[in-house]
Amino acid sequence: AQKVTQAQTEISVVEKEDVTLDCVYETRDTTYYLFWYKQPPSGELVFLIRRNSFDEQNEISGRYSWNFQKSTSSFNFTITASQVVDSAVYFCALSEAKGGFKTIFGAGTRLFVKA
Amino acid sequence: DAGITQSPRHKVTETGTPVTLRCHQTENHRYMYWYRQDPGHGLRLIHYSYGVKDTDKGEVSDGYSVSRSKTEDFLLTLESATSSQTSVYFCAIRDEAYYGYTFGSGTRLTVV
Numbered sequence: 422a423q424k425v426t427q428a429q430t431e432i433s434v435v436e437k438e439d440v441t442l443d444c445v446y447e448t449r450d451t452t453y454y455l456f457w458y459k460q461p462p463s464g465e466l467v468f469l470i471r472r473n474s475f476d477e478q479n480e481i482s483g484r485y486s487w488n489f490q491k492s493t494s495s496f497n498f499t500i501t502a503s504q505v506v507d508s509a510v511y512f513c514a515l516s517e518a519k520g521g522f523k524t525i526f527g528a529g530t531r532l533f534v535k536a
Numbered sequence: 041d042a043g044i045t046q047s048p049r050h051k052v053t054e055t056g057t058p059v060t061l062r063c064h065q066t067e068n069h070r071y072m073y074w075y076r077q078d079p080g081h082g083l084r085l086i087h088y089s090y091g092v093k094d095t096d097k098g099e100v101s102d103g104y105s106v107s108r109s110k111t112e113d114f115l116l117t118l119e120s121a122t123s124s125q126t127s128v129y130f131c132a133i134r135d136e137a138y139y140g141y142t143f144g145s146g147t148r149l150t151v152v
């Protein structure tokens, strides 16, 4: 069965600190997709990034970076120089790459960035 | 913007009454999903659809049914609402451009 674990329920940092959100997944599929989504206090869910299982290149987008390591089944998300606007719940997710492309989500990590 | 809307945005209903939530999309996406969001559980899949009249169950489908008679509409029905179905419900489409989901704004359902 597929599973996504986000062990950090809540993280609190001060603005400009770097913060890493952990994500560990389990799957028996050889091909799959990994995602991060953001849910700000307004409640909408916003797509941040997708990684394919066969592509372990890390990715950087501005202050955001993602570290995908198949050997440890982890897909961690780092925010550099955090800002108050980064305060949100962040979800890691795992999608099958066939059939209904069903996606399972971790329980989420709530990030508080204090000014 | 995938043009996905949910209605209603908020609803309060009594235990035992039927409730239908609507998800409407404007861009002809094949795959549509219903999730519920509860504290400590993230989002859990209720049902999904892979085409008109083609639906399947997710991990928390008990007490829910769905229908998709047109590509653009995906309906979620609670046949007889219970307090355990108080939740925020999100509809999503799978966007083939980036393989991820685009979500509706959510429906906050309270069963009293």
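Line by line, the protein sequences are chains A and B. One point on numbering: in the numbering used here, the residue at position 44 of the first sequence is 465, and numbering is uninterrupted. One point on numbering: in the numbering used here, the residue at position 70 of the second sequence is 110, and numbering is uninterrupted. A virtual CB, placed ideally from N, CA and C, is assigned to each residue, including glycine.
Check: Considering only C-alpha positions, which residue in the set B:Leu-115, B:Gln-125 and B:Tyr-90 is nearest to Gly-103 of chain B?
Finding: B:Gln-125
Check: Does the stretch 446 to 454 of chain A come close enough to the stretch 48 to 58 of chain B that 3 or more CB-CB pairs lie under 8 Å?
Finding: no
Notebook entry, point to check: Should Gln-65 of chain B be labelled buried (16 or more other beta-carbon atoms within 10 Å of its own) or exposed?
Noted result: It is buried - the Cβ of Gln-65 of chain B has at least 16 other Cβ atoms within 10 Å.
Next item on the list: Leaving out five residues on either side along the sequence, give the residues of the same chain with a beta carbon under 7 Å from the beta carbon of Ala-428 of chain A.
Entry: Cβ-Cβ distances below 7 Å link Ala-428 of chain A to Asp-443 in the same chain, with the five nearest sequence neighbours on each side left out; the list follows chain order.
Next item on the list: Would you mind telling me which residues of chain B sit closer than 9 Å to Arg-471 of chain A, beta carbon to beta carbon, in chain order?
Entry: Tyr-138, Tyr-139 and Gly-140
Next item on the list: Closer than 8 Å by beta-carbon distance: list the chain A residues that pair up with Phe-130 of chain B, in chain order.
Entry: Leu-466
Notebook entry, point to check: Name the chain A residues that come within less than 8 Å of Tyr-71 of chain B, Cβ to Cβ?
Noted result: Gly-521 and Phe-522
Item checked: Sequence-distant residues of the same chain with beta carbon closer than 8 Å to Tyr-141 of chain B, five excluded per side -> Tyr-73, Ala-132, Ile-133, Arg-134 and Asp-135
Notebook entry, point to check: Once you ignore the five residues that flank Asp-78 of chain B on each side, which residues in its own chain have a CB closer than 7 Å to its CB?
Noted result: Ser-127
Check: What residues from the stretch 73 to 97 of chain B come within 7 Å of chain A, judged by C-beta to C-beta, listed N to C?
Finding: Gly-80, His-81, Gly-82, Leu-83, Leu-85, Tyr-88, Tyr-90 and Asp-96
Notebook entry, point to check: Whole alpha helix (DSSP H) runs in the stretch 479 to 509 of chain A with 4 or more residues, listed along the chain?
Noted result: none
Margin query: Please report the distance separating the alpha-carbon of Phe-496 of chain A from that of Phe-468 of chain A.
Written below: 15 Å
Note to self: Ignoring anything shorter than 3 residues, give me the beta strand (DSSP E) runs that lie fully in the stretch 423 to 484 of chain A, in order along the chain.
What the structure shows: Qualifying beta strand (DSSP E) stretches, in chain order: 424 to 426, 431 to 435, 440 to 442, 445 to 447, 453 to 460, 467 to 473 and 480 to 482.
Checklist line | First and last residue of the uninterrupted beta strand (DSSP E) at Val-59 of chain B | finding: 59 to 65
Note to self: Restricting to Cα atoms, I'd like to know which of B:Lys-110, B:Pro-48, B:Gly-82 and B:Leu-118 is closest to Ser-89 of chain B.
What the structure shows: B:Lys-110
Next item on the list: Under 6 Å Cβ to Cβ from Glu-480 of chain A, same chain only, skipping five residues before and after it: list those, please.
Entry: Trp-487
Checklist line | Proximity winner among A:Glu-465, A:Glu-517, A:Arg-471 and A:Asp-476, relative to Phe-498 of chain A (alpha-carbon distances) | finding: A:Arg-471
Next item on the list: Using a Cβ cut-off of 8 Å (strictly closer), state whether Ser-101 of chain B contacts chain A.
Entry: no
Check: Ser-492 of chain A: buried (16+ other C-beta within 10 angstroms of its C-beta) or exposed?
Finding: Exposed, by the Cβ-count rule.
Next item on the list: With DSSP as the reference, please indicate the residues paired to Gln-46 of chain B in a beta bridge.
Entry: B:Cys-63
Notebook entry, point to check: Mind checking whether Val-440 of chain A and Leu-515 of chain A have CB atoms under 8 Å apart?
Noted result: One thing to note: Val-440 of chain A has its Cβ no nearer than 8 Å to the Cβ of Leu-515 of chain A.
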